Amino acid sequence: MAVATKRQSSSGRGSIAHKVFVRSSKAGNASKIVREQYLRSDIPCSSEACSVCIPPQNADGTFRPPVLAKIPNSNKQRGPHYVVVDTNIALKAIDLLEHKSIFYDVIIPQIVLEEVRNRSLPVYNRLRNLTKASDDEKRFYVFHNEFHQDTHVTRNKNESINDRNDRAIRQTSKWYQDHLKKTVDTRQNISSMDVDGDSSSSSAKMVVVPQIVLISDDRDNRTKAEAEGITALSLRSYLKEFPNGDDLLDLAPSDDWTATSSGLAAIYPSFYPMSRLLGGIKNGTLHQGILSISQFNFLEGSVRTQAYPKPILVLGRENLNRGFNGDVVVVELLPKSQWKIPSSSIIEEEELGKTEGADNESETIETDEERKALAEEALKAQHQQGESAASKVQPTARIVGIIKRNWRFYVGHVSAQSAAGVSSSDNSQKSIFVVPLDKCIPRIRIKTRKLGELVNKRIVVSIDDWPIHSRHPEGHFIRSLGEIESKEAETEALLLEHDVEYRPFPKSVLNCLPPEGHDWKVPENIESTTDEQLKKRRDLRHLLVCSIDPPNCQDIDDALHAHVLPNGNYEVGVHIADVTHFVKPNTPLDDEGASRGTSVYLVDKRIDMLPMLLGTDLCSLKPYVDRFSFSVLWEMTPQGEIVNTEFTKSIIRSREAFEYGQAQARIDDESQNDDLTKGMRILLDLSKKLKKGRMDAGALNLSSPEVKVNTESETSDPGNVEIKKLLDTNSLVEEFMLLANISVAKKIYESYPQTAMLRRHGAPPATNFEILNDQLRIKKGMSIDLESSKTLADSLDKCVDPEEPFFNNLVRIMATRCMLAAEYFPSGEYGYPEFRHYGLASEIYTHFTSPIRRYADVVAHRQLAGAIDYESLHPSHRDRNKMESICRNINKRHRNAQFAGRASIEYYVGQVLKADESEQEGFIIKVFSNGINILVPKFGVESLIHLEDLGDPETASYDEDTYTLHLQSKDDKKPIALSIFDKVKVYVRSVKDETSGKRKVHMSLRS
Amino acid sequence: MKYSPAELSYLKESLKASPPIRPDARLETQLRPIEAISNILPTANGSARIRASDGGECIVGVKAKVVPTSSTSELINVDVEISGLKENNSLASTLSSIFQSTLNSSQSLRQRLKLTSRFSFKLFIDVLVLSNQSHPLGLVSLTIYLALLSTKLPLLTSSTDDSKAEEVPVFHDDWDQARPLCDIPVTQSDSSKKSDSHWTPPLILLMAVVGENIFIDPTNAEEQVASTGLFISWSNGSISAPLRTLDIGSTDPQGISSTVLSKAYSIVEQCGQEISDSLTAVYVQDEDASSSDF
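For the protein sequence lines, the chains are A and B, in the order given. Residues in the first sequence are numbered from 1 upward in steps of one, following the UniProt record's numbering. Residues in the second sequence are numbered from 1 upward in steps of one, following the UniProt record's numbering.
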């Protein structure tokens, strides 16, 4: 191959092309970029029918088989054909490209792939997956048109880059068409045809030269293609050629929105040009941040920016200006007269027929100076924390640009209005609204012909666009998950909503597992081994190790042991499953684990990070069998001080796997005096000392209402709900895991000061606690001291109401919500003082103890193995940038997993309550001017009660200073005062929420 | 090259004669032949290389960067490097400062570099003198001239008025759309009509004074017998500042008289336009060749 290129270049037939272009940088600079491209003539067309092209060779000398089938995909109106798609089709109709019933034998020109990558990374990844050769049933081939002598096109004078790229795609189609005509040997007889023949193949006995069909929704492009003799079709007309075309049409992007609505007036203000956004951000008059929409009010968003301690409010549809929850947006502050107090009422979209007065029409033209002054005022206003109500006024802003969309798939259901009066026989196309599950997302308009089938289903939709003249974003239907409220649909919906990868592991991943499968055994004899790594392992099988876990735990990550040393000190060991023995870096298995990031625990289901074979068998520290482990061994004084720490890879044999309760019973049972029990008693004793030391140092004991749903084992139908009980043995395990994590963190930080995988928990900013402190001060005369985690812990301890034992817990729950989330980071990203884990009051911390279910631990394992010279560390864990991207991903996955877990519990609690209505104690945790939010500790659920359900809404008045809602009851006009922290009796039952289609807990007040 | 006193005396006498006799039989207004080419550095905004007949060779590259106008007083930065000499050599720094001040004093060049009310291009002119026999000033000037002629600046696509709200400039991504720094009519047909906006970079011409005579583009031998060097700048069809004497390594330095000065003026007026036109012709030819490539 190399020779061919060389010869070409020496003959000088334009085999090197130059590409010269200007790159504008974000800082406003423009540089001239010159690229050289070496053109070659040996890029294959990769069609099985072609008799000329030589397929590319692999490194081992084998040839890669052609991708495109000899007898391609065909339909009634068109014979066998290959499809070429343009960039817009790939971007917008990726769901169709992935669809099982259409789009086989597709040629993706390289330029399309590149353009897709620049425009949308998620779509690029999906397209890449389609083109991966592993399971090639879709037969997608990337043709490197930019590097092929005959298809490379240079930009003409005054040609826009899009036109040039379109021309390149047409050139590719044209080349294929001519190439196949020349190279396909039509005399070839094919007998294998009937074997795999799908459709109209019975009559043909000869190979037909496959046609080339270019699919493009750009009319101009199509006209030009026709002129050049290429068959070009719009996506819709191509779909219509298929028998199931009508069904597929629903999946197509809503391309004709723009065509029909060109005359419409713009509803939203248009965005600023990029140059202005960048300039504004630079000089501080515009601010960039992530938009988050309030859970309680879809018309209220807030943007947290670098410049201000508090988020800036964005109120109303017009100011939100098509921003989505999670988008990276640019905002401009509004004049001071429009600054507002964050709304204290609940607004849900469906209940609101139309938007309330969008009155922010006054468009004043301000100079930068005025805007700067405004920006300073805003800062001042946020810093003023006086008592007057005026100081509660917050700066508001409007969105003037969206840097990055956070669009994904949304799960929802057809809105009640759209569903009304539907007959299933009606097949005309209709515009309908889809109400997403996520309350922060506005209704999405889609067009469908199958409305009848969609009503009462959970459906997945994707967003195409939000044009300036449309009140709602426009999207299209992807697929249906099933009946609303069926367990399968709801579970899948919540996994999708939280972006949890739940498909089974692909074959390439499973190939990385040990071939012995469940029969894999730890080698018997480790003395006589020739394996260098095995020699470095320490044999700890003589130690009396046991594991203590929650009931029914299958993936046992950790085990412990302790015994007395001759000098009176204790030896304590924590043994962690040696996952990295099986999960080697840079394998498909590792990649899959890294992208999943964490296992996800739902009520009735566990979505594993690693395949079952590892998680529940080979890695799991099961009792009575030998297992590889990674051990942390300490020598400790009886007072719990560490004398010496040691890390080693080891082999252990767990003597017993306890549940928390069993372990507790065994320790408490005085008749048990075997060595194992004695060891456990030592552990318990030491753990109490460790805990005390930690608490004295200021570790927080925070609380969130954790409940457990018991499911019946056969049907996995929810049985009942209980609050998780905590035993001493829970904290026994916890203390030693914390200790192991801290020891490992110190060690890997010492060895890899720039890239050690650590976990930090920032101190909460005081502004987060402002409201809670104000509420505590007014209602209870208490306060939370934010000086340090120690004072915070102490002041939390003092928040006790002698009449209400739960009050302390309640404050802890509310305080937890004011905290920042802990995060993973590579050690180079922050200075040492910033490493601090606020909640645990530890200077440095990492996650090491659960490698089966967390990827961070896998990385920590590898780094520790490198640090103790067991094996060399893979370069990707030594590269700061790579570590940063790993951390970013696992932080996101971790958060999503938590949300998914909670959503699952919420769903099941709803299901339990369906059969079990009752009166319960609840606490008011948030008061709005038109409702209250109540937490019921018994079920760990919270719910809103609207004003109408509380009493006579006419009489209601909200006193902001005391967080109290005054109103009269409906029948006897008795005055009711509802205020924060109040204990109330509520009647709890479960109803199906018509707006979200979700079964939710519904509460009503009992006096 | 070292000459004997007798050789130097002979040379001096023949140059002092009226009419003067130059050793290579050139006229007072005649330059030595040069070999010039523009646009030799693909990644630079503009570039040129000139080889002189005595083996002197100079390469110039021009790069442009976007800067806030307020942040810098000088929009043109010239850096001269002479092969074989240290960076802080006085000859190199003298040359740098001569060109830097001459170019920066051109109001119309500043106007051309302005992008928006806040931003301008800043030009970085890197000069590399690969070898030189005689004083490199003249050679460097010709090369800078040609490099600036071939300089193109990316086309601004964002708005030019950003006094109300700051904008970060955004440019057209096509290099073919870049606008030339100096609007030289490329095709022969419209070279005749010169618009008022037409601007060419300043040329600095070095001359040697011997007795009452003055010669343009002195050779190394002529420099040795000259009483002093003199340079005059020519821009946009007329003589312009600066006019300065320069030590060109003469063995017997002396002042100059007013007759010499008026001779110098007339020499520059005679040949200034000719030189600038012939360099422009080089550029136009190169430009035609490169556009017919594709």
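Note that CB positions come from ideal geometry on N, CA and C, so glycine has one too. Owing to the predicted nature of the structure, the values given are computational and were not obtained by experimental measurement.
Item: CA-to-CA distance, B/D126 to A/F582, given in whole angstroms; Value: 58 Å
Item: Exposure of A/R817, with buried meaning 16 or more beta-carbon neighbours within 10 Å; Value: exposed
Item: Neighbour flag for A/A30 against chain B, beta carbons, 7 Å; Value: yes
Item: The region 755-763 of chain A / the region 826-835 of chain A touching (three or more Cβ pairs under 8 Å); Value: yes
Item: Nearest neighbour of A/S480, chosen from A/E532, A/C440, A/V414 [CA to CA]; Value: A/V414
Item: Chain B residues whose Cβ lies nearer than 9 Å to that of A/L22; Value: One point to set straight first is that residue 22 of chain A is Val, not Leu, in the sequence displayed. Within 9 Å Cβ-Cβ: P154, L155, F171, H172, D173, D174, W175, Q177, A178.
Item: Sequence-distant residues of the same chain with beta carbon closer than 7 Å to A/A17, five excluded per side; Value: Q37, L39, H152, T154
Item: Start-to-end residues for the beta strand (DSSP E) that takes in B/K86; Value: First-last for B/K86: undefined, no H or E at that position.
Item: Cβ contact check for the region 273-288 of chain A and the region 162-169 of chain B: 3 or more pairs under 8 Å; Value: yes
Item: Segments of 3+ residues assigned as beta strand (DSSP E) that fall wholly inside the region 97-128 of chain A; Value: 106-109
Item: Residue environment, A/E571, which counts as buried when at least 16 other CB atoms sit within 10 Å; Value: buried
Item: Rounded straight-line distance, which links the Cα of A/P473 to that of A/N158; Value: 35 Å
Item: Backbone secondary structure at A/L978 - three-state DSSP; Value: strand
Item: Rounded C-alpha distance that separates A/G661 from A/L560; Value: 16 Å
Item: Positions along the UniProt domain "Exoribonuclease phosphorolytic" (30-154) of chain B whose CB lies within less than 7 Å of some CB in chain A; Value: P42, T43, N45, K65, V66, F119, P154
Item: Contact belief for B/T69 with B/F119 at Cβ below 8 Å, rounded distance in angstroms; Value: 6 Å
Item: Chain-ordered residues of the region 789-813 of chain A with a beta carbon less than 9 Å from chain B; Value: none
Item: Sequence-distant residues of the same chain with beta carbon closer than 8 Å to B/R32, five excluded per side; Value: D24, R26, A52, S53, D54, D217, T219
Item: Per-residue DSSP class, three states only, for A/F140; Value: strand
Item: The alpha helix (DSSP H) enclosing A/S751, as first and last residue numbers; Value: 728-751
Item: For A/I890: DSSP bridge partner residues; Value: Paired residues: none, contrary to the question.
Item: Option nearest A/E318 by Cα separation, candidates A/R304, A/A266, A/Y308, A/G482; Value: A/A266
Item: Within 7 Å, strictly: CB atoms of A/A865 and A/Y824; Value: no
Item: Local Cβ density within 10 Å of A/R443, reported as buried at 16 or more and exposed below that; Value: buried
Item: C-alpha distance - A/S508 paired with B/V62, whole-angstrom precision; Value: 53 Å
Item: Partners in chain A for B/S227, counting only beta-carbon separations shorter than 9 Å; Value: The contacting residues do not exist; B/S227 stays about 46 Å from chain A at best.
Item: Per-residue DSSP class, three states only, for A/C619; Value: coil
Item: Beta carbon proximity, A/L333 to chain B, threshold 7 Å; Value: no
Item: Pair within 7 Å by beta-carbon distance, A/S294 and A/E300; Value: yes
Item: Rounded C-alpha distance that separates B/K12 from A/S25; Value: 59 Å
Item: Simplified DSSP state of B/D240, which is helix, strand or coil; Value: Per the sequence shown, residue 240 of chain B should be read as Ser rather than Asp. Correct three-state label for B/S240: strand.
Item: Helix, strand or coil at A/G931 according to DSSP, with G and I counted as helix; Value: strand
Item: Contact check, B/E57 vs B/N104, beta carbons under 7 Å; Value: no
Item: Cutoff 7 Å: B/A165 Cβ touching any chain A Cβ; Value: yes
Item: DSSP-derived helix/strand/coil call for B/L15; Value: helix
Item: Helix, strand or coil at B/S120 [DSSP, three-state]; Value: strand
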